[in-house]
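Remarks on the structure that follows.
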Amino acid sequence: MTDVDLLVIGGGIAGAGVALEASRRGVDVMLVEARDFAWGSSSRSSKLVHGGLRYLREGAFGLTRESVRERGRLLQDAPGLVEPQRFLLGHYEGRSPSRRTMAAGLAIYDAMAHQRTRAFHTPAQVRALAPHMATDQLLGASSYLDAKTDDSRLVMRVLQEAQRHGARVCNRAAVKSLLRAGDLDVPSSSLLNRGGASVKPGTVVGARIEGAGFTGHVQARCVVNATGFWADGLRSGLGATMLRPLRGSHLVFPLWKLPVAQSVSLLHPRDGRPVFATPWEGVALAGTTDLDHHEDPDVEPRIAADEVAYLIEALRHAFPRLDLRAADAVCSFAGVRPVVDDRAGGDPSKAPREHVVLDEQGLITVTGGKLTTFRVNALDALRHAAPYLAASGRRGGFAPTGIAGDEAGSDATMRTHDFDYRTADAIFAPQPESPALAALPHGLRTRLLGRYGHQAQALLREAAPADLETVAGTTTPWAELHWALRHEQVRFLDDLLLRRTRLGLLLPAGAASLLPRLEPVAREALGWSAGEWRDQCDRYARIVAQCYTVPTP
Ligand SMILES: Cc1cc2nc3c(=O)[nH]c(=O)nc-3n(C[C@H](O)[C@H](O)[C@H](O)COP(=O)(O)OP(=O)(O)OC[C@H]3O[C@@H](n4cnc5c(N)ncnc54)[C@H](O)[C@@H]3O)c2cc1C
189 MTDVDLLVIG
199 GGIAGAGVAL
209 EASRRGVDVM
219 LVEARDFAWG
229 SSSRSSKLVH
239 GGLRYLREGA
249 FGLTRESVRE
259 RGRLLQDAPG
269 LVEPQRFLLG
279 HYEGRSPSRR
289 TMAAGLAIYD
299 AMAHQRTRAF
309 HTPAQVRALA
319 PHMATDQLLG
329 ASSYLDAKTD
339 DSRLVMRVLQ
349 EAQRHGARVC
359 NRAAVKSLLR
369 AGDLDVPSSS
379 LLNRGGASVK
389 PGTVVGARIE
399 GAGFTGHVQA
409 RCVVNATGFW
419 ADGLRSGLGA
429 TMLRPLRGSH
439 LVFPLWKLPV
449 AQSVSLLHPR
459 DGRPVFATPW
469 EGVALAGTTD
479 LDHHEDPDVE
489 PRIAADEVAY
499 LIEALRHAFP
509 RLDLRAADAV
519 CSFAGVRPVV
529 DDRAGGDPSK
539 APREHVVLDE
549 QGLITVTGGK
559 LTTFRVNALD
569 ALRHAAPYLA
579 ASGRRGGFAP
589 TGIAGDEAGS
599 DATMRTHDFD
609 YRTADAIFAP
619 QPESPALAAL
629 PHGLRTRLLG
639 RYGHQAQALL
649 REAAPADLET
659 VAGTTTPWAE
669 LHWALRHEQV
679 RFLDDLLLRR
689 TRLGLLLPAG
699 AASLLPRLEP
709 VAREALGWSA
719 GEWRDQCDRY
729 ARIVAQCYTV
739 PTP
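Per this note's numbering, the sequence shown starts with residue 189, numbered consecutively.
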C-alpha cells in the first residue's frame with residue numbers, strides 16, 4: 189500500500205492544475221493518467237486561451253471575467269507557450285452580428301481585461317488583412333485580441349512544475365476501482381491519521397491502480413477525480429451521472445491552402461454557430477463542431493463525415509475564392525468536452541461551460557470548465573479537498589500559502605481565502621536564464637522557455653548543434669523530440685508525435701516521413717528492438733488512419 193496525501197486521477201489540464209496547486213502548497217501528491225498525459229480533450233481543444241466572447245452573449249459574465257483574467261496571467265507567465273492572437277469577424281449586410289452589437293460586446297470584453305484591443309476595419313482594410321474573405325455585401329470587420337497555446341504542451345508544463353514541487357506523476361496508470369473505508373482491501377489500522385478524526389465507512393480513501401506507470405493500491409487522505417468526460421464512470425455508485433459528452437472536431441489545413449494571418453471568426457451559414465480558422469504552428473486549424481457524442485468512451489474519438497461537410501461548408505462560405513475541399517486538409521482531430529448536463533437537452537452549443545466541483549464521500553470531482561481556467565478550477569477543487577487534507581503535507585502541515593512558514597505550517601485549519609485565485613502566486617515561477625539560452629534566436633529561446641520552463645537549460649545542454657535545426661516545414665526543433673523520448677514518459681509513437689510534439693498534426697500522414705530519422709534515436713532512448721519499432725510504426729499508422737485522417741463527406 190502506497191500512502192500519499194492527495195491522489196489525483198487524470199493527467200489532463202484539470203488534474204495537472206490540481207497537482208501543481210496542491211504540491212506548491214506542500215501537499216504530497218501522486219497523479220495517475222490511464223492513457224497518456226493530455227490524451228483526452230486537453231490535446232484536442234481549439235488551442236485558444238480565451239475569455240470566450242460568445243459566453244458574454246449567453247450572459248455568462250462570471251465565466252468570461254474569470255477566463256479573461258486567467259488569459260492575462262497566462263500571457264504574462266508563459267510567453268512562448270501562450271501567445272496573443274488577433275481575431276477578425278466580418279460584418280455583412282443583413283447578417284448578424286452588427287457592427288454596433290459587436291462593438292458593445294467588445295467594449296465589455298476589453299474592460300474586463302483593463303485594456304483596449306478592439307478595432308473596426310473598413311472593407312478595404314479587410315481585403316488587405318484577410319484577402320480571401322468573402323467581400324460580397326461586406327460592411328467591414330471588427331477585430332480584438334485573445335490568445336492561443338499548444339494545449340498538450342501546456343499540460344506538460346503544468347505537470348513539470350508540479351514535479352518540481354515534489355508531485356509524483358505516473359503515465360499509463362489507470363485507476364481500476366476506488367478504495368472505500370471498510371473495504372476488505374483497506375485494513376482500518378492502516379488508514380492514514382486524519383487529524384484524529386474517524387473515517388466514516390464508505391468514505392473514498394484511495395484507489396487500485398494498474399498499468400505500466402504504476403501498479404498497486406494507493407491510500408490517500410483525499411482523492412480528486414479529474415477524468416474529464418470519464419468522470420461519471422469513476423463516480424458510479426456515488427451519485428447520478430451529470431455529464432453530457434459533446435464532441436468537437438477540427439480540420440487542419442496547410443497555411444498555403446487556407447492562408448489566414450489572424451484568426452478569422454465565421455458564423456456558420458446553416459446555424460449561425462461560430463467557427464474559427466486560426467493560424468497555429470504553421471498550419472490553419474478550422475473548427476469546431478459541437479454534437480452529442482454517443483460512442484464508447486474507450487474508443488479514441490474521430491471526426492464523422494458529416495462534421496467534415498459542416499466545416500467545409502462554413503469555410504467555402506467565408507472564403508469562396510479558395511475553393512476548399514476536404515481533400516485539402518492535412519488531417520483532422522476530435523475531442524469530447526466534459527460539459528455539465530443541464531438536462532434541457534437543447535442546442536449543444538448553449539450547454540453551460542462552467543466547471544463543477546462535487547464532494548461525494550470524500551471523492552472530489554472537478555470537471556467541465558475550460559483549458560483557460562484550469563487554475564481557478566484547481567483552486568476550487570482544493571477548497572473542497574481542504575478539510576480532508578488538513579494536517580497533511582511533507583512539511584508537517586498543509587501550507588496554504590505555498591511557503592511552509594510557522595503560521596501556515598502549524599495551522600491545520602484550512603481557510604477558504606487561501607485558495608482565492610485573485611491573490612494566488614504566479615502560475616509559473618520565472619525561469620533562470622543562461623548564456624546558452626540567451627544566445628539563441630529570440631523565437632527559439634522563448635519557445636523553449638515557454639514550453640520547458642526550468643528544463644529549457646537541460647534540454648539545450650543535451651542537444652547537439654544539429655538538433656536545434658527545426659523539422660522541415662515546422663518550427664519544432666529536433667531537440668524537442670530527443671528530450672521527450674528521454675524525459676517525458678513516452679511509451680508509444682503517438683505519445684511522441686501527437687502530444688509531446690504536434691508533428692503528427694502538422695505534417696502529412698502523421699509525419700510518417702520523419703520515421704526513418706527517428707528510428708535510431710527512439711530505439712536507443714526507449715530500448716526498442718527492430719521488431720518493436722516495426723510494431724510501434726504499425727500501431728501509429730493505424731491510429732492515424734482511423735482517427736486523424738479526413739473521411740470523405
Ligand atoms: C473540441 C474542443 C475544443 C475546445 N476548445 C477549447 C479552447 O479553445 N479553449 C479552452 O479554454 N478550452 C477548450 N476546450 C475545453 C477544454 O479542452 C477542456 O475543458 C479540458 O481540456 C478538460 O480537461 P480535463 O483535464 O478535465 O479532461 P481531459 O483532458 O479529458 O483529461 C482527463 C484525463 O483523465 C484520464 N482518465 C480517465 N479515466 C481515468 C482513470 N480511470 N484512471 C486514470 N486516468 C483516467 C484520461 O485518459 C484523460 O487523459 C475544448 C474542448 C474540446 C473538446
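For each residue, glycine too, the CB sits at the ideal point set by N, CA and C. Every value quoted in this text rests on a predicted model; they were computed, and no experiment measured them.
So, helix, strand or coil for residue 346, using DSSP?
helix
Work out the CA separation of residue 284 and residue 678 for me, nearest whole Å.
47 Å
Just curious, the alpha helix (DSSP H) that residue 505 is in, first and last residue?
From DSSP, the alpha helix (DSSP H) with residue 505 extends over 493-506.
Identify the residues that DSSP records as bridge partners of residue 336: which are they?
236, 271
May I ask you to report which of helix, strand or coil DSSP gives residue 458?
Three-state result, residue 458: coil.
Quick check: is any heavy atom of ligand 3 less than 7 Å from the C-beta of residue 275?
In the structure shown, ligand 3 is absent; the only ligands present are ligand 1.
What's the C-alpha gap between residue 305 and residue 333?
Each residue's Cα considered, the two are about 6 Å apart.
Using DSSP with H/G/I as helix, E/B as strand and the rest coil, what is residue 433?
strand
For residue 261 and residue 429, what's the separation of their Cα atoms in angstroms?
34 Å
Report buried or exposed for residue 558, applying the criterion of at least 16 other Cβ atoms within 10 angstroms of its Cβ.
Residue 558 comes out buried.
Count the other CB atoms within 10 Å of the CB of residue 671; is the residue buried (16 or more) or exposed (fewer)?
buried
Grab me the residues of residue 472's own chain with a C-beta within less than 8 Å of its C-beta, minus the 5 sequence neighbours each way, in chain order.
440, 441, 442, 443, 445, 446, 447, 448, 465, 466
Sorted by chain position, which residues of the same chain lie with C-beta nearer than 8 Å to residue 480's C-beta, five sequence neighbours on each side aside?
Within the same chain, 432, 433, 434, 435, 536 come within 8 Å of residue 480 by CB-CB distance, once the 5 residues on both sides are set aside.
Under the rule that 16 or more other beta-carbon atoms within 10 Å means buried, what is residue 487, buried or exposed?
exposed
Which two residues bound the contiguous beta strand (DSSP E) that contains residue 253?
Segment 249-265 is the alpha helix (DSSP H) holding residue 253; no beta strand (DSSP E) there.
Given a cut-off of 8 Å on the beta-carbon distance, is the pair residue 355 and residue 219 in contact?
The Cβ-Cβ distance between residue 355 and residue 219 falls below 8 Å.
Any heavy atom of ligand 1 closer than 7 Å to the beta-carbon of residue 235?
yes
Quick one: what's got a C-beta closer than 7 Å to residue 614's C-beta in the same chain, skipping five residues either side?
265
By the 10 Å Cβ neighbour count, where 16 or more other Cβ atoms means buried, how is residue 603 classified, buried or exposed?
For residue 603, the pLDDT reaches just 48, beneath the cut-off of 50, and the residue's location in the model is therefore unreliable, leaving the point undetermined.
In angstroms with no decimal places, state the Cα-to-Cα distance between residue 592 and residue 407.
Unreliable placement is indicated for residue 592, whose pLDDT of 34 sits below 50; no coordinate value is reported for it.
Can you pull the DSSP bridge partners for residue 362?
398
Could you round the C-beta distance between residue 327 and residue 287 to whole angstroms and report it? I think they count as a contact, below 8 Å.
Contact flag correct, Cβ pair sits at about 7 Å.
Which residues share a DSSP beta bridge with residue 672?
Note: residue 672 sits in no beta bridge, so no partner.
With a threshold of 16 other CB atoms inside 10 Å of the CB of residue 238, please say whether the residue is buried or exposed.
Residue 238 sits buried, since 16 or more C-beta atoms from the chains shown fall within 10 Å of its C-beta.
What do you reckon, is the C-beta of residue 221 under 7 Å from a heavy atom of ligand 1?
Yes, since a heavy atom of ligand 1 falls inside the 7 Å radius drawn around the Cβ of residue 221.
Going by the C-beta, is residue 190 closer than 7 Å to any heavy atom of ligand 1?
No - ligand 1 has no heavy atom lying nearer than 7 Å to the Cβ of residue 190.
For residue 426, which residues in the same chain have their Cβ closer than 7 Å to its Cβ, ignoring the five residues on either side in sequence?
548, 549, 551
Determine which residues share a DSSP beta bridge with residue 472 and list them.
441, 467
Distance, Cα to Cα, residue 598 vs residue 362?
Unreliable placement is indicated for residue 598, whose pLDDT of 36 sits below 50; no coordinate value is reported for it.
Just the Cα atoms here: how many angstroms apart are residue 211 and residue 243?
32 Å
Between residue 303 and residue 717, what straight-line distance do the alpha-carbon atoms span, to the nearest angstrom?
Within the model, the alpha-carbon separation for residue 303 versus residue 717 is close to 56 Å.
Taking C-alpha atoms, which residue in 344, 280, 275, 216 lies nearest to residue 201?
344
From 673, 731, 715, 713, pick the residue whose C-alpha is nearest to that of residue 693; which is it?
Distance from the Cα of residue 693 is smallest, within the candidate group 673, 731, 715, 713, for 731.
Which partner residues does residue 519 have in the DSSP bridge list?
DSSP links residue 519 through a beta bridge to 440.
Since I believe residue 309 is in contact with residue 329 (beta carbons under 8 Å), could you give me their beta-carbon distance rounded to a whole number of angstroms?
About 5 Å separates the beta carbons of residue 329 and residue 309, which is inside the 8 Å limit, making them a contact pair.
With a threshold of 16 other CB atoms inside 10 Å of the CB of residue 534, please say whether the residue is buried or exposed.
Classification of residue 534: exposed, given that the 10 Å Cβ count is below 16.
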